[in-house]
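Numbering (the working numbering), first residue to last: 12 to 417.
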């Protein structure tokens with residue numbers, strides 16, 4: 012028995028530090044097996060769902076594509092233009108191909124963190140491996156889709172992303188479900204390794220359903236001069252989601268940036284945050300979240316900045332907007348400075364739409380509903396993310412539809 016498996020067995024009943032505790036025995040391990048095919052050849056509801064979270068069937072518009080349905084990898088390929096510059100494959104295939112990858116496995120996310128990391132080891136359902144070679148700037152985005160189709164299935168993926176020195180890439184990951192699916196569990200372990208001078212812009216769009224539970228577990232390691240930008244968007248209801256990615260700025264002049272836009276509706280239980288540990292000289296971090304809570308949704312938005320170097324600089328900002336008297340937003344910012352000279356700051360605000368804003372827009376001819384929708388769209392402005400134009404338009408379209416449905 013491997014050491015990882017032994018530790019996982021010991022942790023399989025260990026609750027997470029945050030979020031709703033789940034009974035893992037309630038989920039199924041009997042999915043339909045899917046054959047490999049092109050994205051455009053998949054059933055129309057699956058293609059439409061993928062497109063709603065930024066994943067396109069027009070694979071020529073992407074440097075590489077990974078698409079997994081339940082436990083089956085159905086599409087995985089690097090565009091021929093980039094075949095000598097990067098590679099993309101399942102993590103099972105990558106571990107068979109590269110002995111060195113074992114040193115990256117369960118390195119940033121301990122296997123015994125909680126029952127969900129343990130489940131991902133004991134019942135591992137593939138995931139993606141992305142490797143960008145030294146000095147390469149990937150000019151088109153890479154994309155991945157992790158899709159739940161089978162009723163009450165648990166999908167437990169383990170992803171590894173490695174950027175070699177002075178490389179650069181954009182990665183879009185869309186996670187969603189089949190329209191006929193009612194319930195399911197997605198567990199996603201992701202470990203990112205950014206070597207010296209590399210830069211990764213990682214955009215994740217989640218489109219779940221009211222009875223789906225989600226447990227991502229993420230670690231990021233940054234070497235000298237590396238930059239990691241994380242953009243997260245959640246616009247659809249979910250039964251529960253809990254995630255607290257941690258970036259380790261070990262290298263000098265490394266930078267970690269986390270942006271999130273969350274629209275919490277229905278009876279969603281959402282516990283999301285970001286932690287950055289600043290160890291290197293002149294390390295920087297920015298954490299920004301915009302949260303809207305309506306209906307009976309409950310949101311915990313966390314943020315932690317740890318300044319372990321006298322030249323660390325970091326700022327944390329959380330803005331919350333309540334649209335219902337039955338919804339709640341808990342903003343929990345934490346600053347920990349362990350070295351004199353570290354500069355850490357935070358701003359947090361939670362409130363409702365100001366009545367004078369509504370009245371002003373109504374005086375300009377808008378109905379009360381239209382005025383509220385305009386304010387929501389402005390609050391969820393994603394232009395600050397600096398996304399590629401095509402992706403910004405897609406996400407903005409989803410935000411507009413969300414605002415109109417209020």
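Note that CB positions come from ideal geometry on N, CA and C, so glycine has one too.
Q: Could you please give me the residues that DSSP links to residue 88 through a beta bridge?
A: Counted from its first residue, the chain shown places residue 88 at position 77. 76, per the DSSP bridge assignment.
Q | Spatially closest choice to residue 402 from 61, 45, 194, by CA coordinates | A | Here residue 402 corresponds to residue number 391 of the chain shown, with the count starting at 1. Of 61, 45, 194, the residue nearest in Cα terms is 61.
Q | Cβ contact check for the segment 222 to 234 and the segment 254 to 262: 3 or more pairs under 8 angstroms | A | yes
Q: Might you give, ordered along the chain, the residues of its own chain that have their beta carbon closer than 8 angstroms to the beta carbon of residue 89, omitting 5 neighbours on each side?
A: The residue you call residue 89 lines up with position 78 of the chain shown. Taken in chain order, the residues that qualify are 74, 75, 97, 98, 99.
Q: Indicate whether residue 252 and residue 274 have their beta-carbon atoms separated by less than 7 angstroms.
A: Taking the chain shown and counting its residues from 1, the one referred to as residue 252 is at position 241. Taking the chain shown and counting its residues from 1, the one referred to as residue 274 is at position 263. Their beta carbons are not under 7 angstroms apart, which means residue 252 does not touch residue 274 by this criterion.
Q: Reducing DSSP to helix, strand and coil, say where residue 40 ends up.
A: Position 29 of the chain shown, counted from the start, is the residue given in the question as residue 40. Coil at residue 40, not helix or strand.
Q: Between the Cα of residue 40 and those of 320, 197, 24, spot the shortest distance and give me the residue it belongs to.
A: The sequence position of residue 40 within the chain shown is 29, counting from 1. Of the listed residues, the one whose Cα sits closest to residue 40 is 197.
Q. Taking C-beta to C-beta, are residue 276 and residue 312 nearer than 7 angstroms?
A. To locate residue 276, count along the chain shown from 1; it is residue 265. To locate residue 312, count along the chain shown from 1; it is residue 301. No; because the gap between Cβ atoms is not below 7 angstroms, this pair is not in contact.
Q: Identify every run of the beta strand (DSSP E) within the segment 214 to 261, keeping only runs that are complete inside it and at least 3 residues long; order them along the chain.
A: 222 to 233, 238 to 245, 251 to 254, 257 to 260
Q: Tell whether a beta-carbon distance below 7 angstroms holds between residue 64 and residue 185.
A: For the purposes of this step, residue 64 is taken as residue 53 along the chain shown, with counting starting at 1. For the purposes of this step, residue 185 is taken as residue 174 along the chain shown, with counting starting at 1. Closer than 7 angstroms, so yes.
Q) Could you give the residue range of the alpha helix (DSSP H) that holds residue 382? A) Locating residue 382 in the chain shown gives position 371, counting from the first residue. Looking at the DSSP string, the run of the alpha helix (DSSP H) that includes residue 382 is 379 to 390.
Q) Beta carbon of residue 202, beta carbon of residue 120: below 7 angstroms? A) Taking the chain shown and counting its residues from 1, one reaches residue 202 at position 191. Taking the chain shown and counting its residues from 1, one reaches residue 120 at position 109. Yes.
(Q) Just to confirm before moving on: does the CB-CB distance between residue 314 and residue 285 stay below 7 angstroms? (A) Taking the first residue of the chain shown as 1, we reach residue 314 at position 303. Taking the first residue of the chain shown as 1, we reach residue 285 at position 274. Cβ atoms of residue 314 and residue 285: closer than 7 angstroms.
Q: Using a threshold of 7 angstroms, state whether the C-beta atoms of residue 23 and residue 129 are closer than that.
A: Here the question's residue 23 lines up with position 12 in the chain shown. Here the question's residue 129 lines up with position 118 in the chain shown. A contact, by the Cβ cut-off of 7 angstroms.
Q: Using a threshold of 7 angstroms, state whether the C-beta atoms of residue 173 and residue 142 are closer than that.
A: Sequence index remark: in the chain shown, residue 173 carries index 162 (1-based). Sequence index remark: in the chain shown, residue 142 carries index 131 (1-based). Their beta carbons are under 7 angstroms apart, which means residue 173 touches residue 142 by this criterion.
Q) Mapping DSSP to helix, strand and coil, what is residue 115? A) Within the chain shown, numbered from 1, the residue matching residue 115 stands at position 104. Residue 115 falls in the helix class under three-state DSSP.
Q | Reference residue 319; option with closest CA among 355, 327, 31, 331 | A | Position 308 of the chain shown, counting from 1, holds the residue named residue 319. Nearest C-alpha to residue 319: 355.
Q) Which one of 223, 226, 270 has the shortest CA to CA distance from residue 244? A) For the purposes of this step, residue 244 is taken as the residue at position 233 of the chain shown. For residue 244, the nearest C-alpha among the options comes from 270.
Q | Between the CA atoms of residue 147 and residue 341 - distance to the nearest angstrom | A | Counting from 1 along the chain shown, the entry for residue 341 is found at position 330. Counting from 1 along the chain shown, the entry for residue 147 is found at position 136. Answer to the nearest angstrom: the Cα atoms are 42 angstroms apart.
**Q.** residue 211 Cβ short of 6 angstroms to the ligand ADP heavy atom set
**A.** Only the bare structure without any ligand can be found here, which leaves the ligand ADP out of the picture.
Q. Expressed to the nearest angstrom, what Euclidean distance is found between the alpha-carbon atoms of residue 216 and residue 183?
A. In the chain shown, counting from the first residue as 1, residue 216 sits at position 205. In the chain shown, counting from the first residue as 1, residue 183 sits at position 172. Answer to the nearest angstrom: the Cα atoms are 8 angstroms apart.
Q: Would you check if the distance between the CB atom of residue 334 and the CB atom of residue 316 is smaller than 7 angstroms?
A: Within the chain shown, the letter at position 323 stands for residue 334. Within the chain shown, the letter at position 305 stands for residue 316. No. Outside cutoff.
(Q) In whole angstroms, give me the CA-to-CA distance for residue 25 and residue 38. (A) Translated into the one-based positions of the chain shown, residue 25 becomes position 14. Translated into the one-based positions of the chain shown, residue 38 becomes position 27. Going by the C-alpha atoms only, they are around 17 angstroms apart.
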